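The next block holds one structure in the form of structure tokens; read it before the comments.
See below:
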């Protein structure tokens, strides 16, 4: 991170995203989680749909979903950072620092829910059980990951790293 222009920078037009005392607001944490969840959900849903449609084993479907969640999560973060004029290699480092823990927590929750709901992984794409379990897993991932992101932002980590480039 550029220490001269970090998340506590007070340049004109730069917003300090943490509350007094170094704690991130719940609103900021929810926004960071929603941003992360967007990329995560695209990859997760795509992986589940591809795996289910292709008749892949549950383990292969979960692995594909996790891989795609990380790819899309990092890609969405990198898109904004690259627009700020940051070189590709640095943008990748920013995305890794900003999103790795958040995506990992989401993926543990998403996939644990999908695997533990009886029949969810074996349900077809036209089955309400498949889509209901997937939607529920994403909602639960958002609820559980928001406090994690709040904690990280409050310490100048996670999405606080990304805001140095906005």
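In this note's numbering, the protein residues as written are 15 to 180. All residues carry an ideal CB built from backbone N, CA and C; glycine is no exception. All values reported here derive from a predicted model rather than from experimental measurement.
Separation of the CB atoms of residue 51 and residue 120 is rounded to 6 Å, and the pair is thereby assigned contact status at 8 Å.
Selection 41, 48 and 38 evaluated against residue 153 yields 48 as nearest (Cα-Cα).
In the displayed model, residue 76 falls within a helix according to three-state DSSP. The C-beta of residue 97 has fewer than 16 other C-beta atoms within 10 Å across all chains shown, which makes the residue exposed.
If you draw a straight line from the Cα of residue 146 to the Cα of residue 140, it is about 11 Å long. Taking a 10 Å sphere around the C-beta of residue 99, we find fewer than 16 other C-beta atoms and assign the residue as exposed. For the 8 Å CB-CB criterion, residue 60 and residue 82 form a contact.
179 is the residue among 179, 40 and 70 whose C-alpha sits nearest the C-alpha of residue 112. Within 10 angstroms of the beta-carbon of residue 68 lie fewer than 16 other beta-carbons, which makes it exposed.
When 72, 161, 118 and 114 are compared, the shortest CA-CA separation from residue 128 is found for 72.
With contacts defined by Cβ atoms closer than 8 Å, residue 39 and residue 57 do not form a contacting pair.
Nearest C-alpha to residue 115 among 104, 76, 130 and 164: 164. Annotated three-state conformation of residue 173 is helix, per DSSP. Residue 87 sits buried, since 16 or more C-beta atoms from the chains shown fall within 10 Å of its C-beta. The beta carbons of residue 143 and residue 137 sit about 4 Å from each other, so the pair counts as a contact at 8 Å. At the C-beta level, residue 167 and residue 43 come within 8 Å of one another.
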